[in-house]
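Since the structure comes first, as structure tokens, the remarks are kept for the end.
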Amino acid sequence: MTTICSVNFIEQRSDISVDSAISTPRPRNEHAIFDASVSSSGEEGYDSKAERPDNERQSNRQYALEWYQADKSPLVQCFTIFLSLVMRSMAFVLSLSRDHGPYLGHLGSKARILVYRQAHELVPSSGVFTHDLGVALLDRFDEVGQESYLDEAISLFRKSLQIRPSDAVCMNNLGNAIRKKSWTQPGNGELLDEAIAFLEQALKLRPSNHRYKVNLAMALTVRFNQGGEGWRRYQASDFDEAVSLLRQTLELPLPPSQHEGRWWCLYELAHTFKCRFLQEDSAADLKEAISLLREVVEICPRAKKVVCLNELADCLYIRAEERIGGVDDLDEAISLYRQALGLSHLPIFERHDTIGRLAHALRERYQHAAEEADLIESIHLFRRVLDLRPVPHPRRSDALHSLAFALSIQFLSSRQESVLDEVVLRCREAVQLQKPTDPRRPYTLIKLAESLIRGVELMGKDSNHLEEAMTAFSESMDCTAITPSMRLELAFDLSKTLRWASLGKEKPNVYMTATMRIYDAMLQLFPQVASLELDVRSRQRALAKVKIPFSRAAAARAATDYYNNPGKVIEILEAGRNVFWAQALSLRPPLQEVEIVAPNLADRLRVLSSDLEKGSFVQGRVDHLSPDPVTSRMSNFSHLQSQWNETVKEIRNIDGLHNFLRQPDFSALQAAASMSPIVFLFEDPDTLLCVCLIMTSTTVHKFLLKRFGFKLPLDSLVQLLRAAVSDSLVTRSQDDGLRRIIEEHPLRGMRPRRTEVPSSDGVLRYILGLLWETVVEPVIGCLGLTVSIKKSGNPPVLKLKWCPIGLFSFLPLHAASRYEGDTLLEDASEYFVSSYIPNVGVLLSSSPSPPPDQFKMMAVIQSAGLSATMQELESIRRHVPGDNLVELGVADTPATVEAVASGLPNASVVHFACHGKQNSSRPLESGLVMEDGLLTISRIMRENVRNGSLAFLCACETAMGDANLPDEAMSLGASLLFSGFKGFGLHVQLCQLFKGPDGKFAHRPDTTRSAFGLHIAVKELRARDVSPRRWVPFIHLG
1 MTTICSVNFI EQRSDISVDS AISTPRPRNE HAIFDASVSS SGEEGYDSKA
51 ERPDNERQSN RQYALEWYQA DKSPLVQCFT IFLSLVMRSM AFVLSLSRDH
101 GPYLGHLGSK ARILVYRQAH ELVPSSGVFT HDLGVALLDR FDEVGQESYL
151 DEAISLFRKS LQIRPSDAVC MNNLGNAIRK KSWTQPGNGE LLDEAIAFLE
201 QALKLRPSNH RYKVNLAMAL TVRFNQGGEG WRRYQASDFD EAVSLLRQTL
251 ELPLPPSQHE GRWWCLYELA HTFKCRFLQE DSAADLKEAI SLLREVVEIC
301 PRAKKVVCLN ELADCLYIRA EERIGGVDDL DEAISLYRQA LGLSHLPIFE
351 RHDTIGRLAH ALRERYQHAA EEADLIESIH LFRRVLDLRP VPHPRRSDAL
401 HSLAFALSIQ FLSSRQESVL DEVVLRCREA VQLQKPTDPR RPYTLIKLAE
451 SLIRGVELMG KDSNHLEEAM TAFSESMDCT AITPSMRLEL AFDLSKTLRW
501 ASLGKEKPNV YMTATMRIYD AMLQLFPQVA SLELDVRSRQ RALAKVKIPF
551 SRAAAARAAT DYYNNPGKVI EILEAGRNVF WAQALSLRPP LQEVEIVAPN
601 LADRLRVLSS DLEKGSFVQG RVDHLSPDPV TSRMSNFSHL QSQWNETVKE
651 IRNIDGLHNF LRQPDFSALQ AAASMSPIVF LFEDPDTLLC VCLIMTSTTV
701 HKFLLKRFGF KLPLDSLVQL LRAAVSDSLV TRSQDDGLRR IIEEHPLRGM
751 RPRRTEVPSS DGVLRYILGL LWETVVEPVI GCLGLTVSIK KSGNPPVLKL
801 KWCPIGLFSF LPLHAASRYE GDTLLEDASE YFVSSYIPNV GVLLSSSPSP
851 PPDQFKMMAV IQSAGLSATM QELESIRRHV PGDNLVELGV ADTPATVEAV
901 ASGLPNASVV HFACHGKQNS SRPLESGLVM EDGLLTISRI MRENVRNGSL
951 AFLCACETAM GDANLPDEAM SLGASLLFSG FKGFGLHVQL CQLFKGPDGK
1001 FAHRPDTTRS AFGLHIAVKE LRARDVSPRR WVPFIHLG
């Protein structure tokens, strides 16, 4: 009878549990400080009492019977069971203590762990008590942030799941615990994938459980957030699924016991939109988050009011920090933080966080409004938080970090040595306490380095401070707790601090050494930003999020600072541009030499490269529970890249192959100029100085473009050009800007009257004249191309390669001319033949020409909408025999996306006569219009063009780049160039290249003459006295 009573008691008490309210991931930047969770049990959100299934009670009865049968003494066994259940009830009562004040709650959580631990020791084989102890430890981690509690909780949940493998509650709690573990290891995608797998399995076991839907949504949001930061492949489907799960929960009727959980769903939905804003910078997402949080603040329980007030204030703070909002948002955020601090029964850890949040908001308002009182109060509050977190508090380093940043701002205005000394002191202490996985650590190290440099510059500190600064910098670059793009920004910020210091003049050798260490670190980070484990869209997004043109700025500084090393300048330019394409091409490595000496390594790298390249085009979410081994292999891109990197290292250890897949050094790059000089043009975004480098086979010339920069910003000239070539009417502001530019920068022979309204041709001639006087004429003089060469009457034999960088890539350098009225006086085409290259690397890549019997030309036309394309096709037919010609877009052979794409690898020459579309927001989705859709850049990238020699593009918008990525060649023409074609032209008359000496078809056309062919064709067009708008768009690439 006693045994029966014990079993029933277990049955009655098995559903006692209190669920937590909310849990949010740690912030991703150094400004936010909220990273704690409010929790009263392992299950998060709604009260789980009504959700307990009957089979849970049956399982408890089974455990009790097993315990009874395992012991020969029923009395001892029943007493053990009864005592353990009494302890469980005591722990439940203790879990309620947090509702009666922070101090009692703090003591209650420790006592609860002690009671559960005793119960677990009494019945170690019980999955129930093992799980309960894990819940208590997880709650304790939420309170104090000590990772040892979290690690033990995860271990206990795993042990409980081994005892009860189908326990959905334990799966849910284990998934949540692993998700929280991922906060401590940013970028560890495997942890998040495992957490999501457990949460998905728990939801499959209980598909109607609203709490589990929200928990899964939270984990998906974290993975979406990390993907957007560039940690791993970007999965927009994670965001979509998270929002769908949350909206489902909000739309379905909730059980009476879960009605008050609506606020939590709204809260998590707002948090999800906030995360997407942080990744995609959409103001609409942040506005939606703020709107939802205002509703949450009105309906949330009193005990959770502080959490909701803080989250709403955080969003307002972010809106002001990102300059979307203004001081009004900061005022409201500060008011909300003060309101949260005024709430009674505020837990001590939440009070610390809220004080810190308020201090951050006051510091930000000081930077907006320059009210010194805000900065003073901010520093006072940061000191208060520091006092509240004495050693060995686990978050003392956060308080030191925040105080150091506020003091550094105070130093910039006060210039007091004592303030700077305290910044250094606080940073040093924070670095001592911060773990290698702390995402704030690299920011603290860079702040330490900046302060030490300022001490050397302004306070006359000894050179040991500079050495310590560079050591701190090196350590920050090795920190993987933040993304490569974040490290790149930190390196760039330190280079700015070093540059504006007076060290360059006083200690040039020390300055040069420190500067080159920073630049070398930046060169190594460029390819990491667009990691191979990311898909192509994630790589492009990661590069787009890097707002600062690092390579261009670094090269400009190297060219204009206190030392002269043009080789290093060109290396920086080459390494920091077209990173997207360099990464893509590294998956198609040249293995001919490797196969001779190490065929096994060549085969291994070929397989790994193929797997990574296939995975580069896989978007969307992968089912992590899929048994398919191919899917599993493709989903583990981080592991694939690690293997790829190790294989490349092994190849580089072989004699003669140490430069395999390395960035070419200056000597290799200079070899590309053996046939044609290469002209680099770029602008320093800080000083606006414009630099020209001319690389020949023997030397590098350098000079500044004096008319550009402060006097005439490049962006104004680009806007002026776009207005001149567009069909839209010129606005009044554009007209006023044009008049101002022409008046301030008059050209020889062009002095329009104030009352004269310039025509589009007049504007274009002015721009061409400006390019002539500012760029082309100095280049001609530098190369020694005299007027006598022009007047000889012979066509130019010099071929010039333009490598424009940044905004220079939007200017028609090949068409530079000087006019007097409508009369042409000087013309660049009289001195040289122009060709553009996105980087020097395209000239170094070599592939064998196809045999004569394999020559194929593919002509793709849009005959339905563009009748003139049939005339182009007829012209091609007259020059290319039918056996060598593939026609698409004519009767019975439609030009579909797949038909054209699949024909690229076998084509020697392709000709597109169709419409083109540039997608400014998603450049990889720019493409050529086919009959069934767009042949996009991302689709072209999948093809390995083995025989490509030349591509003709008679289509609009095919040479346009991405204004957000001016240092990346994201045009349709560049995509064909990087895919394998050696040249790219824009004119149908290039078909003349197919003629041999006898005027008949040449079975091996000399495509190396394509630039000269286009040059002659444009000359003939200009001889008809057509508008510059007709001939300027024709360019040659390659």
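Per UniProt numbering, the sequence shown runs over residues 1 to 1038. Ideal Cβ positions, reconstructed from N, Cα and C, are used throughout, including at glycine.
For residue i, which option in the options has the closest C-alpha, if you only look at C-alpha atoms?
i      : options                         : result
ALA361 : VAL909, TRP183, ILE318          : ILE318
ASN947 : ALA168, LEU824, MET857, ASP761  : MET857
PHE832 : GLU872, PHE808, VAL776, GLU820  : VAL776
LEU866 : GLY889, HIS210, GLN854, SER166  : GLY889
GLY841 : ALA514, ILE1016, MET470, ALA582 : ALA582
PHE952 : PHE981, LEU293, ARG487, ALA195  : PHE981
SER244 : ALA270, GLN226, GLY261          : ALA270
GLU650 : LEU640, HIS639, ARG487, ALA602  : ALA602
LEU721 : ILE767, PRO713, LEU705          : ILE767
THR869 : PHE912, ALA828, LEU843, ASP827  : PHE912
TYR519 : VAL536, GLU571, SER485          : GLU571
ILE780 : LEU844, ILE861, LEU693, LEU843  : LEU693
GLU925 : THR437, GLY933, SER938          : SER938
ARG765 : VAL1032, GLU872, GLU147, CYS275 : VAL1032
TYR337 : GLU311, VAL327, GLU322, GLY326  : GLU311
Determine the direct distance from the alpha carbon of residue j to that of residue i, and round the result to whole angstroms.
i       : j      : result
PRO677  : PRO442 : 42 Å
VAL424  : PHE703 : 40 Å
ALA168  : THR444 : 42 Å
CYS690  : GLU887 : 46 Å
SER642  : HIS393 : 36 Å
SER616  : VAL725 : 37 Å
THR354  : GLN162 : 40 Å
SER476  : PHE526 : 16 Å
GLN62   : CYS170 : Reliability of the predicted coordinates at GLN62 is poor, the pLDDT of 43 falling under 50, and the value obtained from them is presented with this limitation in mind. Using only the alpha carbons, I get a separation of about 18 Å.
PRO566  : VAL700 : 7 Å
SER40   : ILE290 : Bear in mind that the predicted position of SER40 carries a pLDDT of just 30, short of 50, making it unreliable; the figure below should be weighed with that in mind. If you take the alpha carbons of SER40 and ILE290, they lie about 27 Å apart.
ALA272  : LYS213 : With the sequence shown as reference, residue 272 is identified as Thr, and Ala is not the correct amino acid for it. Taking the straight line from one Cα to the other gives about 14 Å.
ARG117  : ASN659 : 59 Å
SER378  : ASN509 : 40 Å
ASP151  : LEU523 : 38 Å
ARG1024 : ASP822 : 14 Å
LEU278  : ASP715 : 27 Å
SER531  : GLY656 : 27 Å
Three-state secondary structure (DSSP) at residue i?
i       : result
GLY927  : strand
ILE837  : coil
ILE324  : coil
VAL536  : helix
ALA481  : coil
ALA974  : helix
LEU1037 : strand
TYR831  : coil
VAL860  : strand
SER817  : strand
Determine whether the beta carbon atoms of residue i and residue j lie at a separation below 8 Å.
i            : j       : result
residue 1041 : LEU800  : With the chain covering 1 to 1038 only, the question about residue 1041 has no answer from this structure.
LYS447       : PHE411  : no
GLY342       : VAL385  : no
GLU251       : LEU220  : no
THR647       : ALA673  : no
LEU534       : ALA514  : no
MET930       : VAL897  : yes
LEU972       : GLY1038 : no
LEU309       : VAL297  : yes
Could you tell me which whole alpha helix (DSSP H) segments of length 4 or greater appear in the region 251-307? You should have 262-280, 283-299.
At 4 residues or longer, and completely inside the region 350-434: list those alpha helix (DSSP H) runs for me, N to C. With a minimum length of 4 residues, the unbroken runs of alpha helix (DSSP H) contained wholly in the region 350-434 fall at 372-388, 396-414, 417-433.
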